[in-house]
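Student:
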């Protein structure tokens with residue numbers, strides 16, 4: 641029987657994968673994807689918990705997360721585009737003019 | 010009577026201020042004249058007071074105003090003119106009047122003439138405060154005041170450069186002045202401690218209150234107080250081991266040496282012991298120590314005088330030696346004898362110094378007696394004065410020194426302290442020898458000064474006249490011994506020789522006399538015909554030891570001054586800068602460097618930042634775990 | 014005029030503000046005038062002051078932050094009165110003798126602000142207001158040292174600021190803790206000192222709080238080993254800065270001990286007697302030795318300040334009227350004497366642009382007036398009787414003798430060691446032949462310098478001969494404080510150590 | 134079957150939403166105006182924004198304490214009112230700085246103002262809710278707007294700043310969402326008051342503890358990022374440097390107030406529940422933050438970056454008060470920020486008064502210390518004002534930040550954390566160094582000669598704002614009393 645804990649474990653796994661992605665990726669676009677992965681892991685958790693409690697709040701939260709993820713991507717991509725125009729690259733390692 | 014007290018006290022002060030007004034202007038003879046006049050006023054007032062005290066047998070006590078009042082401590086400016094202080098006042102004002110007049114002549118060519126009188130009168134004022142005060146704090150004011158004036162006067166010719174110890178044993182006037190001041194300060198600390206002990210056990214610093222309380226105090230307190238006060242006396246009176254400053258103080262002008270370093274200031278220590286006799290008389294151990302130290306210094310100083318070639322230093326050593334006598338007397342309980350010797354010594358020693366001043370004046374500041382000789386032709390009067398003074402010093406009857414010194418030696422016998430007696434007798438012989446060695450080398454024999462192209466001339470007439478009171482007193486003072494005894498023993502405990510001593514008095518006197526005459530004869534034999542120097546003697550260990558003052562100044566230099574300077578330097582560069590300050594700066598630098606280290610985490614690379622966030626999360630988890638486990 | 018204290022505090026500040034308008038050529042006269050008015054105001058304060066009343070007078074109290082217990086609370090007693098007078102006097106004389114030529118206007122304005130903060134510190138009876146002025150006083154001094162100082166001026170200024178700032182922040186924590194306890198016990202927030210005095214604290218609290226206040230005050234004093242900022246500050250500061258720093262700012266620390274530590278923590282203070290006495294003795298002897306090793310005249314005076322502050326500290330912890338009263342007097346004495354000495358060093362620095370002693374020699378022949386005044390101040394500094402320096406030193410030593418004879422003897426060595434370094438300065442600079450040609454043409458004191466130094470000389474002698482008008486109010490306030498401390502102390506040891514003057518006892 | 138939902142308008146209590154709605158509406162109006170007529174002057178937008186903010190402020194003032202509204206997701210307690218007031222007030226201080234005398238083109242875009250207003254609405258949502266969803270929405274609304282505002286500066290540094298901030302923000306958002314999910318899993322609720330109830334009844338269960346660990350750590354990470362606490366602070370210096378000076382000043386105050394409100398609600402809850410280690414973690418972070426940020430600030434060569442680190446350090450200072458979880462502590466947070474706001478915004482605005490055409494002192498920095506060398510000779514009043522701000526930041530009395538500092542320290546002492554107060558004191562002493570460094574440069578050094586083209590930006594609004602900040606900084610002693618009493622009253626009324 642697939643129970644809540646399975647969902648949560650999956651969610652945690654995906655969250656970790658996303659986290660590792662955020663930490664390891666050098667390309668900004670990939671990095672954004674990784675954060676999306678993390679948010680989606682949260683969504684899985686919310687959906688599962690919501691079902692578990694038989695309470696709609698979790699699903700509501702999940703919807704908000706989706707909406708916010710979408711707008712985040714919109715803003716993020718916007719910034720990335722101008723950045724790309726200016727720098728010609730999306731490599732993280734080149735983004736180090738400010739430091740110290 | 011009150012006004013007389015104020016006149017006696019403040020006339021020198023006015024004189025000092027008056028002279029100070031002209032301190033920076035060129036030489037003005039009237040400054041000296043007015044200063045001398047004011048001193049004479051002070052002398053007259055002192056004499057009147059003496060007469061008054063003599064007549065009524067009562068002391069005059071006045072309180073001028075409050076000085077310090079804090080907590081339970083109450084110190085007024087109070088003055089007490091009693092038999093002891095009036096004696097001192099007269100001695101001080103008399104000698105200072107003479108010295109003031111003398112200085113008009115002696116300092117004739119000095120451009121700082123006016124300044125000199127200002128200092129000199131200030132000294133007299135301080136000395137008057139010292140002797141007249143009715144409390145320990147007032148005494149201490151005077152005590153320090155004379156110290157400063159002594160500093161100013163020793164260093165009067167401050168412009169002279171520092172020389173090596175070989176060229177000039179005192180290095181320079183300013184060096185000698187500082188040495189004197191600092192050594193005195195060491196002793197002053199002892200004195201202050203004495204004051205503190207007295208205050209906290211008696212609750213007052215007034216003499217009468219303190220003396221009244223003495224019976225209620227324990228022996229330990231009394232002894233420590235006595236020791237502490239005596240340490241003070243040791244500094245001012247240049248007792249071993251604080252004696253080196255006195256000979257170096259001869260760098261000052263000769264009138265200064267006469268007044269301060271022979272007649273008055275250096276006797277302040279003796280005065281202190283006499284003044285505080287109720288305390289010292291109940292602490293026999295301390296008193297005995299004083300007597301022993303006094304005897305030792307008498308001998309010790311005399312031994313150094315034997316070989317010295319410096320006219321003034323010889324006299325200085327003799328002063329030291331005589332101070333030893335005074336302490337011996339005071340320590341043995343013969344306070345009035347000590348006071349009597351103090352007065353008598355003041356007269357003939359001042360005379361001797363002033364005579365030496367004449368010689369110096371004539372010899373263009375040359376002080377080496379080996380370079381003099383045969384001065385009697387050109388300086389008859391001075392010769393007579395110095396001869397008289399030396400006779401008095403040597404203790405030849407009927408001059409003053411005989412009566413006073415003989416009494417001291419007799420006291421030593423009377424107390425059964427034979428070792429002291431023997432030493433004092435031997436010292437008497439040595440005194441006679443060195444005094445006349447100096448007199449003969451200066452005035453008799455061949456005229457060695459001619460090699461140096463010096464044409465000696467006698468001092469001004471008025472100066473010689475001015476010196477005459479001292480000469481007269483040096484001759485006749487001794488006759489007043491008994492009346493003096495009667496006068497001061499109103500206040501001081503009497504001292505009578507025992508029957509046994511009384512019987513032997515003549516024999517004892519004869520022994521001393523024999524030693525004195527022996528000394529003079531020896532000196533006559535060796536030096537009257539001129540200087541015969543013997544390489545062998547001069548190179549002998551003893552001679553060199555004595556000539557170098559037992560190497561004590563060198564010792565002080567090597568083991569105190571230099572190490573102090575070295576440690577100071579080390580404290581500054583080694584400790585203050587290297588340790589204390591570097592620690593402070595080190596903390597600051599450490600913070601700064603750790604800032605440099607920490608900012609490396611701020612690589613600017615987003616990936617690192619994200620890693621930091623993850624690490625932070627883990628870190629939080631770890632801290633949480635730890636604190637959860639501990640808590 | 015009941016609000017004379019507020020006038021005293023804010024008059025210089027307002028004048029300083031208006032000073033921005035004054036033309037820079039007239040700035041100096043403006044400064045002298047304002048400082049003179051301020052000085053006369055403080056004299057008026059003295060005349061209006063009732064010397065027989067040991068308590069706080071001219072008290073003003075306006076609640077500022079009642080919810081937090083902060084109020085504008087001023088008052089003077091015998092202890093602070095004369096420090097205020099000295100502050101205004103030294104500011105006046107400092108401005109008069111000032112030899113700064115660049116940016117005189119800025120200097121004058123800065124000094125006037127500094128005067129406000131200094132007076133403020135001494136009249137504040139509210140801990141926060143005290144702290145406020147205390148910290149604020151650092152700023153003008155930072156500017157004075159930093160802007161008109163020598164080559165290392167920035168380093169010296171920052172060191173001065175940070176060191177004292179660090180210490181006072183610890184003290185602030187202590188203050189907040191006292192306030193907390195007060196709130197805990199009474200339910201009311203208050204930073205008023207008079208309220209705090211009423212607090213009876215357990216001994217361990219007292220010890221911790223004492224330590225916190227100690228750090229703040231000790232750095233300011235400055236006590237060994239927190240003193241190293243001082244030589245730099247003095248070494249780099251312009252003359253006027255050194256004068257004010259030595260005369261007034263250092264006194265804030267010792268004043269703090271008298272005002273805060275003693276009455277608030279009597280038991281802890283008694284426990285601290287021995288350690289503090291040890292530090293004081295180290296200060297006295299060690300810095301006297303360091304002073305002796307200096308080549309720079311000003312550094313000698315700077316280190317001598319530390320040494321003298323050791324005497325003051327010792328007296329404060331004598332726990333009897335003689336010692337504490339002596340310390341308060343010694344604060345005045347040291348203020349005037351060290352201020353004068355710094356001015357004197359400034360005089361020669363203005364002429365020769367060096368303070369190294371081996372550059373001089375024989376100055377007494379060339380500058381006799383200067384030599385005389387220097388000599389008088391030197392003698393006052395080494396504590397010659399009948400000068401101001403003796404009274405305080407004598408009282409302190411006599412007071413501390415009751416606590417520990419041995420330590421008094423050690424501390425008393427200051428009269429020897431002080432003479433050693435001071436006389437050596439005098440000998441090196443003033444005595445001997447004139448060896449340097451540059452020195453031969455030096456001018457003696459000009460009118461400006463004479464006018465500013467002579468009053469100090471007169472005060473030095475006047476207060477040495479007749480200190481009574483000053484000692485009396487100090488005596489009354491100190492006695493009252495001691496009997497208060499004695500009542501308040503909770504341990505028997507403390508009660509034994511705190512010596513209430515007999516006269517106070519008799520009155521009861 | 135779902136039942137038809139019946140909602141009465143009264144029960145919605147829409148007035149609680151009014152402030153945010155006003156801000157949002159204002160933003161929309163600005164956008165609409167732009168649609169209707171292009172190329173309107175920025176002064177119009179600035180004034181409109183001020184107007185909107187003013188209305189917003191009034192409407193917040195009109196709120197009653199302790200009300201809930203809009204399906205009970207809105208929580209209008211004292212904390213939310215004061216924080217909203219502070220947020221709006223801070224924004225009102227900031228926005229006139231847009232009226233520069235020079236052309237900084239982001240202010241030419243009406244979108245800038247619209248985004249700004251949306252952002253404020255976001256902050257207000259954060260402050261005025263104890264619903265995790267709404268808080269999340271608030272955070273993201275505000276953050277996304279803020280990223281854009283930074284990027285609008287249109288220099289490569291600002292893009293870099295925006296990207297860094299954005300990416301890290303996204304990660305923080307993920308943490309927050311996951312944390313919320315854990316809480317939801319634990320309690321079945323996202324309303325904090327319900328969460329607290331459930332948690333307090335189930336706190337003894339062993340398994341629950343681990344979940345509490347997870348949730349609190351995740352949420353702490355998210356908010357540590359928002360509050361720029363070590364080691365989540367890394368974005369702050371770069372972002373402040375990349376953003377315009379006033380915006381950096383603004384970011385160092387206003388978003389943090391909003392984040393603090395949420396933190397008080399969230400972590401206060403944990404501490405109240407007796408999860409002691411949350412307090413310990415916060416204290417550890419606080420001490421680390423104030424110390425490390427301080428020592429990093431020591432070595433900065435750029436004033437703006439120094440101020441950035443100093444802001445981080447101040448945040449660490451205040452976070453310590455959060456850990457106390459006392460009324461005093463919470464009051465001190467708001468007091469501190471209220472007082473800090475004027476000074477810090479003023480200090481950042483002072484960087485804005487001039488700009489060199491090239492980076493002539495340093496390749497990397499716009500505002501190196503050398504730029505301020507000898508400012509006392511060039512611009513005496515400016516130098517004095519800047520020095521006042523620096524002294525205030527250093528905590529020299531009687532300037533504003535001092536009162537905040539002692540109140541925080543007093544709160545620490547009152548709560549029994551004397552060591553914390555001492556650490557704060559020592560940190561203030563360290564901090565004094567870098568503030569003094571600027572003072573030293575301005576007052577004690579000679580100006581660097583050969584200055585190339587300088588764009589002076591001394592517009593009247595800028596001067597007015599700086600003047601206002603100066604007055605507020607200097608006269609703090611006179612208004613601290615009403616401020617404290619109001620804040621204390623509001624906070625104790627809302628039960629914190």
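Protein chains in written order, with our numbering: chain F, 641 to 740; chain Y, 10 to 640; chain V, 14 to 521; chain U, 134 to 629.
Backbone N, C-alpha and C fix where the C-beta goes; we use that ideal spot for every residue, glycine too.
#1: Whose Cβ in chain U lies nearer than 8 Å to the Cβ of residue 658 (chain F)?
#2: Using 8 Å as the threshold, is the C-beta distance between residue 331 (chain V) and residue 416 (chain V) below it?
#3: Out of Y:580, Y:596, Y:529 and Y:618, point me to the one whose CA is closest to residue 301 (chain V)'s CA.
#4: With DSSP as the reference, label residue 86 (chain Y) as helix, strand or coil.
#5: For residue 357 (chain V), which residues from the same chain have a beta carbon less than 6 Å from its beta carbon, with the 5 sequence-adjacent residues on both sides left out?
#6: Note down, in chain order, every chain V residue with its Cβ under 7 Å from the Cβ of residue 539 (chain U).
#7: Around the Cβ of residue 407 (chain Y), are there at least 16 other Cβ atoms within 10 angstroms (buried) or fewer (exposed)?
#8: Would the C-beta of residue 622 (chain Y) count as close to the ligand ADP, meaning under 7 Å from any of its heavy atoms?
#9: Would a C-beta distance cut-off of 8 Å place residue 186 (chain U) and residue 225 (chain U) closer than the cut-off?
#10: Would you tell me roughly how many angstroms separate the C-alpha atoms of residue 455 (chain V) and residue 137 (chain Y), rounded to the nearest one?
#11: How would you write the range of the alpha helix (DSSP H) that residue 485 (chain V) sits in, first residue to last?
#12: Any beta carbon from chain Y within less than 8 Å of residue 389 (chain U)'s own beta carbon?
#13: Can you give me, in chain order, the residues of the stretch 691-702 of chain F that have a beta carbon less than 7 Å from any beta carbon in chain U?
#14: Who does residue 80 (chain U) pair with in a DSSP beta bridge?
#15: On the DSSP bridge assignment, give the partners of residue 205 (chain V) in chain order.
#16: Output, in chain order, the set of chain Y residues within a Cβ distance shorter than 8 Å of residue 320 (chain V).
#17: Is it the case that the Cβ atoms of residue 394 (chain Y) and residue 425 (chain Y) are separated by a distance below 8 Å?
#18: Note down, in chain order, every chain Y residue with its Cβ under 8 Å from the Cβ of residue 450 (chain U).
#19: Within a Cβ cutoff of 6 Å, which residues of the same chain sit near residue 351 (chain Y), ignoring the five residues on either side of it in sequence?
#20: Less than 8 Å between the C-beta atoms of residue 161 (chain U) and residue 193 (chain U), yes or no?
#21: How about the stretch 176-191 of chain Y and the stretch 432-450 of chain V: do they share at least three Cβ pairs that are nearer than 8 Å?
#22: Does the pairing of the stretch 143-156 of chain V with the stretch 261-280 of chain V give three or more beta-carbon distances under 8 Å?
#23: Excluding the five sequence neighbours on either side, which residues of its own chain have a C-beta within less than 6 Å of the C-beta of residue 100 (chain Y), listed in chain order?
#24: Identify the residues that DSSP records as bridge partners of residue 87 (chain V): which are they?
#25: Enumerated in chain order, which unbroken segments of the alpha helix (DSSP H) with a length of 4 residues or greater are wholly contained in the stretch 271-324 of chain U?
#26: For residue 254 (chain U), which residues in the same chain have their Cβ closer than 7 Å to its Cβ, ignoring the five residues on either side in sequence?
Tutor: The answer reads as follows:
#1: If you number the first chain from 1, residue 658 (chain F) lands on position 18. 307, listed in chain order.
#2: One-based indexing of the third chain puts residue 331 (chain V) at position 318. One-based indexing of the third chain puts residue 416 (chain V) at position 403. Yes. Within cutoff.
#3: For the purposes of this step, residue 301 (chain V) is taken as the residue at position 288 of the third chain. Selected option, being the one with the closest Cα: Y:580.
#4: Within the second chain, numbered from 1, the residue matching residue 86 (chain Y) stands at position 77. Strand, per DSSP.
#5: On the third chain, position 344 is the one that residue 357 (chain V) refers to. So the list reads 387, once near-sequence residues are dropped.
#6: If you number the fourth chain from 1, residue 539 (chain U) lands on position 406. Within chain V, the residues near residue 539 (chain U) are 185 and 189.
#7: One-based indexing of the second chain puts residue 407 (chain Y) at position 398. Per the 10 Å Cβ criterion, exposed.
#8: No copy of the ligand ADP appears in this structure; indeed no ligand is present at all.
#9: As a first step, residue 186 (chain U) must be located in the fourth chain, where it is residue number 53. As a first step, residue 225 (chain U) must be located in the fourth chain, where it is residue number 92. Closer than 8 Å, so yes.
#10: Start at 1 with the first residue of the third chain, and residue 455 (chain V) comes out as number 442. Start at 1 with the first residue of the second chain, and residue 137 (chain Y) comes out as number 128. Residue 455 (chain V) and residue 137 (chain Y): Cα-Cα distance of roughly 39 Å.
#11: Here the question's residue 485 (chain V) lines up with position 472 in the third chain. Start and end: 481-501.
#12: Within the fourth chain, residue 389 (chain U) is the residue found at index 256, counting from 1. No, its Cβ sits nowhere closer than 8 Å to a Cβ of chain Y.
#13: 693, 695, 697, 698, 700 and 701
#14: For chain U, the structure presents residues 134 to 629; residue 80 (chain U) sits outside this window and is missing.
#15: Start at 1 with the first residue of the third chain, and residue 205 (chain V) comes out as number 192. BP columns for residue 205 (chain V) point to V:139.
#16: As a first step, residue 320 (chain V) must be located in the third chain, where it is residue number 307. The contacting residues do not exist; residue 320 (chain V) stays about 12 Å from chain Y at best.
#17: If you number the second chain from 1, residue 394 (chain Y) lands on position 385. If you number the second chain from 1, residue 425 (chain Y) lands on position 416. Not a contact, by the Cβ cut-off of 8 Å.
#18: Translated into positions along the fourth chain, residue 450 (chain U) becomes position 317. Chain Y residues near residue 450 (chain U): none, gap ~17 Å exceeds 8 Å.
#19: On the second chain, residue 351 (chain Y) is found 342 positions in, with the first residue counted as 1. Excluding residues within five positions, the ones whose Cβ falls inside 6 Å are 276, 279 and 335.
#20: Position 28 of the fourth chain holds residue 161 (chain U). Position 60 of the fourth chain holds residue 193 (chain U). Contact: no.
#21: yes
#22: yes
#23: Along the second chain, read from residue 1 onward, the residue named residue 100 (chain Y) stands at position 91. Contacts found: 352 and 355.
#24: Sequence index remark: in the third chain, residue 87 (chain V) carries index 74 (1-based). In DSSP, residue 87 (chain V) forms a bridge with V:73 and V:137.
#25: 289-320
#26: Against the fourth chain, residue 254 (chain U) aligns to sequence position 121. Answer for residue 254 (chain U): 153, 156, 157 and 274, listed in chain order.
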